[in-house]
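Note sheet for the following structure.
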Amino acid sequence: MNAFRFLPALGKAAVLLVFTGFVLGPLTVAVFGGFKTNGELRVNPFGIPQQWDFEFYAAMLGDPAFWRYMGNSLIISLLTVFLTLIVSAAAAYVFAQIRFLGSRMMQAYLLAGLVFPFATAILPLFIKVRDLGLLDSYWAVILPQTAFGLSLSIMLFKTFFEQLPKDLFEAAHVEGCGYVRFFWQFTLPLSTPILATVGVFVFVQSWNNFLLPLVVINSRELFTWPLGMMQFRGEYLSEWNRTLAFISLTILPAVAFFIAAQKYIVAGLTGGAVKG
Amino acid sequence: MKMTELAAPGLAPSIRSRGRFTSQTSALLLMLPPALVLFTLFVALPLFDAAYYSLFKWDGYGTPTDFIGLDNFKQALGHAVFWQAVRNTLIVLAVSVFVQLPIALGLALLIYEKTPANTLFRLIFFLPFILAEVASGLIWSFVFDGNTGVAAALFHALGMEPVFILADRHWAFAAITLVVVWKYFGFHMMIYIAALQGVPKEMLEAARLEGAGRWAIVRHVQVPMIASAIGVSVFFSIVGSLQLFDVVIPLTNGGPSNSTHTIVTYLYTFGLTRTRIGFGSAVGVMLFVAAVAFAVLYQRQISKGSRS
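Here the protein sequences come in this chain order: A and B. Heads up: take any position in the first sequence, counting from 1, add 1341, and you land on the working numbering. Heads up: take any position in the second sequence, counting from 1, add 1, and you land on the working numbering.
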């Protein structure tokens, strides 16, 4: 390799390493920080801990509140995924399979949700949730999250369903299989890739959601983990190591999930990019 | 069914189509309403409610009766903090589109080819996108902390007095935009990588044979070929910038002295936490109008682009 080719390669490697440092730097600092005493954090914020102090991680892991926050988030996320998949797949199936008066209008209506920011109507949404008597319950988070996820999921499902072979339905129909049963018996089992992709995205969004739970949940018993973490930070303002341990313990499952589900995440992104 | 078909061939289709009609009707009645009801209840109605509430002075209790016309809008438009929030939101938008996207595109061009090393870099760069905004914000608020943070150590190493970046009116918002870039550039990079992998190899080969250099290929072949992906990522950038909230709360909570609000943190702080539902709704309505205006502009650009 001559110098003419070597220099660009070196430049490329340098750029990639700088950005790797930029991305991973803060994360490693956080993970290490959870092992340091406050005194060490002050003098050695980014290095490897001189003394590995497991106290703060152990305290977090032994704290029932931590597990309750994680449990609440898990329940809310799983129910949101389940509901979003069923409701939007059913609607998308009708749009893809049945021609009826008003179909286009209803699709336009449901897809309008893609355009406007969730936050614009957060105050009336709070009032609505309150008037329905749902305030301070899992459903206060699950139902609006599902509703706001519908536009994108219906769009993705409909595109996928339209690509499924049409003959299959005709054959099943001759055998006396109706639309609803066909949906359960054939369409859904054939759609596992798209179900997984949409499911992964909805799950991540729900798991990380902050604004909605902040507005509709009051009691600490029902706090999701982002709420719990902010509360925790407020209580231990001067003890960064405790907060960093908390953060790190939530990053690890996220990273594990990301590595396990990256196939579907990438599929979701490319699906979106191709369509635009 | 089979029997009738054999016995009276002429009759069968109408029976079958009647069966199909009932089956269609029951599918329509069973499968569409859940989506329509949820969407109407939690997306569409609150939007109309926002328009209605915005005309009242209302704390959210009882029914709104104190009609004040456009006063809420006038109050917001006369509030210096509101304009600061608008300015900040526009800054985020500009940084997202003009700093973050070129970085994302540059990195995508470096690592779009499928090699093991590239896959690893791709995963690393995409990682922040998957992490919660609140967690990211807290991590960075530690990094920026003037007492114990990384920034403090950096200042010490340079022999300078540490600056409390997040408590500094001049620097706090710049710090927030840095975190926004950190959090989202990988997402846009992935969109570009997917599109770049779709560019036919023969085109690049042909350009190379004609003597085009690396830069010429990027400018005249690759970037034009992924124009629609760039369009998508610009759209996501804009919509995302308009509703930036989660990252700001753990970093500055809108401070110091209200200098780092975005439109949504402004809406939350001055609308909800002070139970001024009417006022907050008015801000929401303005945000909605801005989002729709951007979407329409975007559509125009897209259709203009595809026509030429």
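Note that the Cβ used here is the ideal one computed from N, Cα and C, for glycine as well.
Residue-chain proximity (residue i, chain B), Cβ-Cβ < 9 Å
{"i": "A:Val1543", "result": "no"}
{"i": "A:Trp1393", "result": "no"}
{"i": "A:Ile1416", "result": "no"}
{"i": "A:Gly1454", "result": "yes"}
{"i": "A:Tyr1398", "result": "no"}
{"i": "A:Trp1581", "result": "yes"}
{"i": "A:Gly1617", "result": "Below a pLDDT of 50, predicted positions are generally treated as unreliable, and A:Gly1617, at 31, falls in that range; the measurement from the model is reported next regardless. Yes, its Cβ sits closer than 9 Å to a Cβ of chain B."}
{"i": "A:Arg1561", "result": "no"}
{"i": "A:Ile1606", "result": "yes"}
{"i": "A:Asn1385", "result": "yes"}
{"i": "A:Leu1365", "result": "yes"}
{"i": "A:Ile1468", "result": "yes"}
{"i": "A:Gly1474", "result": "no"}
{"i": "A:Lys1507", "result": "no"}
{"i": "A:Phe1502", "result": "no"}
{"i": "A:Phe1564", "result": "no"}
{"i": "A:Lys1353", "result": "yes"}
Residue i at chain A interface by Cβ criterion, 9 Å
{"i": "B:Asn259", "result": "no"}
{"i": "B:Pro129", "result": "yes"}
{"i": "B:Trp141", "result": "yes"}
{"i": "B:Met204", "result": "no"}
{"i": "B:Ala86", "result": "no"}
{"i": "B:Arg220", "result": "no"}
{"i": "B:Gly187", "result": "yes"}
{"i": "B:Gln76", "result": "no"}
{"i": "B:Ser282", "result": "yes"}
{"i": "B:Ile1", "result": "Given a span of 2 to 309 for chain B in the structure shown, any question on residue 1 of chain B remains unanswerable."}
{"i": "B:Met32", "result": "yes"}
{"i": "B:Phe68", "result": "no"}
{"i": "B:Val293", "result": "yes"}
For residue i, the nearest candidate out of the options (CA to CA)
{"i": "B:Leu139", "options": "B:His221, B:Leu31, B:Gly20 and B:Thr253", "result": "B:Thr253"}
{"i": "A:Arg1574", "options": "B:Ile250, B:Phe127, B:Ala154 and B:Asn119", "result": "B:Ile250"}
{"i": "A:Gly1621", "options": "A:Leu1491, A:Pro1567, A:Glu1580 and A:Tyr1520", "result": "There is no way to answer for residue 1621 of chain A, as the model of chain A reaches only from 1342 to 1617."}
{"i": "B:Thr66", "options": "B:Leu56, B:Asn73 and B:Ile303", "result": "B:Leu56"}
{"i": "A:Val1556", "options": "A:Asn1582, A:Ile1535, A:Phe1524 and A:Ala1460", "result": "A:Ala1460"}
{"i": "A:Val1372", "options": "B:Ser137, B:Ser258 and B:Ser97", "result": "B:Ser137"}
{"i": "B:Pro35", "options": "A:Ala1432, A:Gly1388 and A:Ala1399", "result": "A:Ala1432"}
{"i": "B:Phe237", "options": "A:Leu1455, A:Tyr1577, A:Pro1567 and A:Phe1542", "result": "A:Leu1455"}
{"i": "A:Leu1415", "options": "A:Glu1396, A:Phe1347 and A:Asn1550", "result": "A:Asn1550"}
Endpoints, alpha helix (DSSP H) assigned at residue i
{"i": "B:Leu56", "result": "It is not in any alpha helix (DSSP H) - B:Leu56 carries neither H nor E in the DSSP assignment."}
{"i": "B:Met190", "result": "Ala173 to Gln198"}
{"i": "B:Glu134", "result": "Glu134 to Val144"}
{"i": "A:Ala1431", "result": "Pro1405 to Gln1438"}
{"i": "B:Asp72", "result": "Asp72 to Leu78"}
{"i": "A:Trp1566", "result": "Trp1566 to Glu1576"}
{"i": "A:Pro1534", "result": "Thr1533 to Asn1549"}
{"i": "A:Gln1448", "result": "Ser1444 to Leu1452"}
{"i": "A:Ile1483", "result": "Tyr1479 to Gln1504"}
{"i": "B:Phe68", "result": "No alpha helix (DSSP H) contains B:Phe68, which DSSP labels as neither H nor E."}
{"i": "A:Phe1510", "result": "Asp1508 to Val1515"}
{"i": "B:Gly107", "result": "Leu102 to Ile112"}
{"i": "B:Met204", "result": "Lys202 to Leu210"}
{"i": "A:Asp1472", "result": "Ile1463 to Asp1472"}
{"i": "B:Trp84", "result": "Ala81 to Val96"}
{"i": "B:Tyr267", "result": "Ile264 to Leu268"}
{"i": "B:Ile166", "result": "Unbroken run through B:Ile166: none, as it is neither H nor E."}
{"i": "B:Ile231", "result": "Ala228 to Leu243"}
{"i": "B:Arg215", "result": "Arg215 to Ile218"}
{"i": "A:Pro1458", "result": "From DSSP, A:Pro1458 is part of no alpha helix (DSSP H); its letter is neither H nor E."}
{"i": "A:Gly1380", "result": "Asn1379 to Val1384"}
Residue i Cβ short of 8 Å to the ligand NAD heavy atom set
{"i": "B:Ala105", "result": "Questions concerning the ligand NAD fall outside what the structure shown contains, since it holds no ligand whatsoever."}
Nearest-angstrom beta carbon gap, residue j and residue i [assumed within contact, 8 Å]
{"i": "B:Ile227", "j": "B:Ala196", "result": "4 Å"}
{"i": "A:Val1539", "j": "A:Leu1497", "result": "6 Å"}
{"i": "B:Ala158", "j": "B:Leu167", "result": "Contact doesn't hold; Cβ gap of about 20 Å is too wide."}
Query raised in the report: Does the stretch 280-298 of chain B come within contact of the stretch 203-213 of chain B, defined as at least 3 CB pairs closer than 8 Å?
Result: A contact between stretches requires three or more CB pairs, one per stretch, nearer than 8 Å, and the stretch 280-298 of chain B fails this requirement with the stretch 203-213 of chain B.
Query raised in the report: Taking three-plus beta-carbon pairs below 8 Å as touching, is the stretch 126-142 of chain B in contact with the stretch 214-222 of chain B?
Result: Counting Cβ pairs under 8 Å, fewer than three are found: no touch.
**Report entry** Any 3 or more C-beta pairs closer than 8 Å across the stretch 185-196 of chain B and the stretch 99-116 of chain B
**Finding:** Touching, per the Cβ criterion.
Requested in this report: Examine the Cβ distances between the stretch 1422-1437 of chain A and the stretch 1465-1473 of chain A and report whether three or more of them are shorter than 8 Å.
Outcome: Flag = no, the stretch 1422-1437 of chain A and the stretch 1465-1473 of chain A do not touch.
Query raised in the report: Do the stretch 1482-1494 of chain A and the stretch 282-291 of chain B touch if we need at least three Cβ pairs shorter than 8 Å?
Result: Short answer: they don't touch.
Query raised in the report: Counting pairs of beta carbons, one from the stretch 191-199 of chain B and one from the stretch 230-237 of chain B, are three or more of them closer than 8 Å?
Result: Taking 8 Å as the limit for Cβ pairs, the verdict is that the stretch 230-237 of chain B does touch the stretch 191-199 of chain B.
Query raised in the report: Looking at C-beta atoms only, is the number of pairs between the stretch 1402-1420 of chain A and the stretch 1501-1512 of chain A that lie closer than 8 Å three or more?
Result: These segments do not touch.
Query raised in the report: Does the pairing of the stretch 1372-1390 of chain A with the stretch 1530-1545 of chain A give three or more beta-carbon distances under 8 Å?
Result: Verdict: no, contact absent.
Report task. Count the C-beta pairs between the stretch 1469-1484 of chain A and the stretch 1601-1610 of chain A that are closer than 8 Å, then say yes if the count reaches three, no if not. Result -> As far as the Cβ criterion goes, the stretch 1469-1484 of chain A does not touch the stretch 1601-1610 of chain A, which means the pair count is below three.
Query raised in the report: Is the stretch 66-80 of chain B in contact with the stretch 271-286 of chain B, if contact means three or more CB pairs nearer than 8 Å?
Result: By the criterion of at least three beta-carbon pairs nearer than 8 Å, the stretch 66-80 of chain B is in contact with the stretch 271-286 of chain B.
Query raised in the report: Per the contact definition of three or more C-beta pairs closer than 8 Å, is the stretch 260-267 of chain B in contact with the stretch 76-85 of chain B?
Result: Contact between the stretch 76-85 of chain B and the stretch 260-267 of chain B is present, because at least three Cβ pairs lie under 8 Å.
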